[in-house]
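Residue numbers (my numbering), protein chains in the order written: chain U, 10 to 476; chain A, 499 to 750.
Don't be surprised by glycine CBs; every beta carbon is placed ideally from N, CA and C.
Just so we're clear, the structure is a prediction, and the values are computed from it rather than from any experiment.
Below you can see the structure in the form of structure tokens.
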């Protein structure tokens, strides 16, 4: 039986496994202490990381499955093999990629080599040159942009100071799981006062570990710096794993600004359970721009903890739930200091029986005077079969604050579509026009090429040709 | 026949029959008007010609340019050259007026409808749009606003006429285009319709007021009553209805 479909992806190019053959064995399914130790050993990690992983495993095993959100009964941890199989360097084959994803690649006009990269069946060598140029430029400024595994080796002290501090393994079951078995992801450090004036994109990173199952990203923006990081792309991401559980941690020091843009379109079999959290110090700004398409279930609530006065959070998210999908997404803003402010804009679209839920938290502690917070969530439901719900939570313990919350649910009526089509626009395009108008607050925040791709993708979804 | 031909049309909505064997022959090159009391089925007729999904055709035919169009979706009918000016245009958020009309033109161009008469590119389109918007009394900012969103009743109607001018249809149905318009706007709208008068253009004005007919002179007048055409004639029929009301058609 071929086990390759469920192995853990690690960046195999970076390690010489020829010396490790003795450790190759067929692991039993399910997550055990032995497997976690094995991962740490293969990666030649320092002792503290090994302990960190093992502690996280304990926490993971003890914590119950969360019951408050989407239905996770389809996740079976025992069915996932966490075994690292060094001989299978690709992990998946092009033949395994479902037809609908291949078709979407085609319709989006994505080049052959890139398709394979996006599907996780090959590395994107074409971008190597581009990547190296970016790297040189960044190095001059003292910016560190590495995959997380390499960063641990090259910058052990910096790494240890921040890793697991914003999202500790105790945070939730899936953060614990990620902490135990993490691999890949991005590590970014921006020195004080440095502005990185082009977005850093995981896309340009040449290793396939990027789109692994349990990637771990850590961004440290030192005082007065600026960085924009982009994760994913609008093309569907195929993974043979049924579970994707990432952790992203951001530290924005005084006066720093970090923007983190995610556009993800997972294959329809994936449980996408991600913990994203930032800490913002005095006058720092953290912006999450988050677009979620695809997957079977997504649970993701980007969070900003405003620790010192003047910190600001901006969270813009769009979720699209199609047939058989549940997008349970939202935002958390936690005001721990006076004169901090937050703005949340959430848009969801549900179609063909999909379900989109907004789940959000606004928390203001006693003494955090002068806090301003504004939450706006709009849902668009495209047919009778589909569903949308809103779960806004508020914990406000200070009176001198200014809080706004607005929610709306809209439907596109047959009459509206008739009106648009009566001018000559085909029905699918008319629908797309309305949907694109609806999500414009997100698209206008995206770099041009992403906005264009997202628009095309929405159009394809409206044609009903995907999935 | 080059115009719009309606044969024995029976239409129901939610199980209720509204059009009951309607016959109508609307020639190209002429301006027609249908008058009738509220509830006689005038709006339904406009919707059915354009392909509204809620209205069910039980029987009959609608032939445009020699082709039965009943099976065609609304956008295909538009690409044949039909246009419906709505009595109550819908407000669509997130799409600006100019963007929407340009998208419509691109869609029509793609279906090869009078391509040479449409602007070649967006810049040319903007020029034409500005000129025609000004004629209809719209300022520069208007075209940047979301389609019909927050427009007054009169603005919506003038915006329908502006769309008509830009989309260059061959046959238009205008449903109560004069309602909600002040008297100056009625004149502007009427002039816009008259300006299209040519052997290649036909129109059907649906109205129960006579007001606009003082400015647009219809070539043919029909009276609709309880889902049927009960009388047709020239302009003198407008005056007759004005005097007698619709009661006299009760038993026709």
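Residues of the stretch 704 to 718 of chain A with a C-beta atom less than 7 Å from some C-beta of chain U do not occur. CA-CA distance, residue 692/A to residue 273/U, rounds to 53 Å.
Neighbourhood of residue 443/U in chain A, by CB distance below 9 Å: 590, 591, 592, 593, in chain order.
303/U is the residue among 375/U, 303/U, 286/U whose C-alpha sits nearest the C-alpha of residue 253/U. In the three-state reduction of the DSSP assignment, residue 521/A falls in the strand class, which pools E and B.
Membership of residue 551/A in any beta strand (DSSP E) is not indicated, and neither H nor E is assigned to it by DSSP. Taking CB atoms only, residue 358/U has no neighbour in chain A less than 7 Å away. In the same chain as residue 290/U, and ignoring 5 residues on each side of it, the C-beta atoms closer than 7 Å to its own belong to 261, 262, 263, 316, 317, 320, in chain order. Proximity of chain U to residue 548/A at the Cβ level (cut-off 8 Å) is accounted for by 427, 431, in chain order. Between residue 166/U and residue 193/U, the gap from beta carbon to beta carbon reaches 7 Å or more. Judged by DSSP in its simplified three-state form, residue 736/A adopts helix. The beta-carbon distance between residue 381/U and residue 411/U, rounded to whole angstroms, is 5 Å. This is short enough to meet the 8 Å contact definition. The beta carbons of residue 379/U and residue 409/U sit about 6 Å from each other, so the pair counts as a contact at 8 Å. Around residue 658/A, the same chain offers 583, 584, 587, 672, 675 as residues with beta carbons nearer than 8 Å, after the five sequence neighbours per side are excluded. As for any beta strand (DSSP E) of minimum length 3 sitting wholly inside the stretch 391 to 468 of chain U, the runs are 396 to 405, 410 to 420, ordered along the chain. Looking at the DSSP output, residue 672/A sits in a beta bridge with 583/A, 703/A. Against residue 601/A, the close residues of chain U are 434, 438, 442, in the order they occur along the chain (beta-carbon pairs closer than 8 Å). Using a Cβ-Cβ cut-off of 7 Å, residue 196/U does not count as an interface residue toward chain A, since no Cβ of chain A sits closer than that to its own.
Listed as beta-bridge partners of residue 285/U by DSSP are 257/U.
Here the alpha carbons of residue 678/A and residue 660/A stand approximately 16 Å from one another. About 7 Å separates the CB atoms of residue 703/A and residue 714/A; that is less than 8 Å, so the two are in contact.
DSSP, read as helix, strand or coil, puts residue 687/A in helix. Residue 451/U sits close to residue 327/U, with the two beta carbons spaced by under 7 Å. Per DSSP, residue 336/U is one residue of the beta strand (DSSP E) stretching across 335 to 344. Looking at the DSSP output, residue 708/A bridges to nothing.
Under DSSP, residue 511/A takes part in a beta bridge, and its partners are 514/A. When 325/U, 383/U, 307/U are compared, the shortest CA-CA separation from residue 363/U is found for 307/U. Between residue 516/A and residue 560/A, the CB-CB gap reaches or exceeds 7 Å. For the stretch 288 to 301 of chain U, the set of positions with a beta-carbon nearer than 7 Å to some beta-carbon of chain A is empty. When DSSP states are grouped into helix, strand and coil, residue 222/U belongs to the coil group.
In the three-state reduction of the DSSP assignment, residue 57/U falls in the helix class, which pools H, G and I. Beta-carbon to beta-carbon, residue 621/A and residue 665/A are separated by about 18 Å, too far to satisfy the 8 Å threshold. Looking at the DSSP output, residue 364/U bridges to 335/U, 396/U. Interface flag for residue 393/U against chain A is unset, since no Cβ pair is found closer than 7 Å.
In this structure, the alpha-carbon of residue 427/U lies about 30 Å from that of residue 459/U. Counting along the chain, residue 661/A sits inside the alpha helix (DSSP H) bounded by residues 651 to 665.
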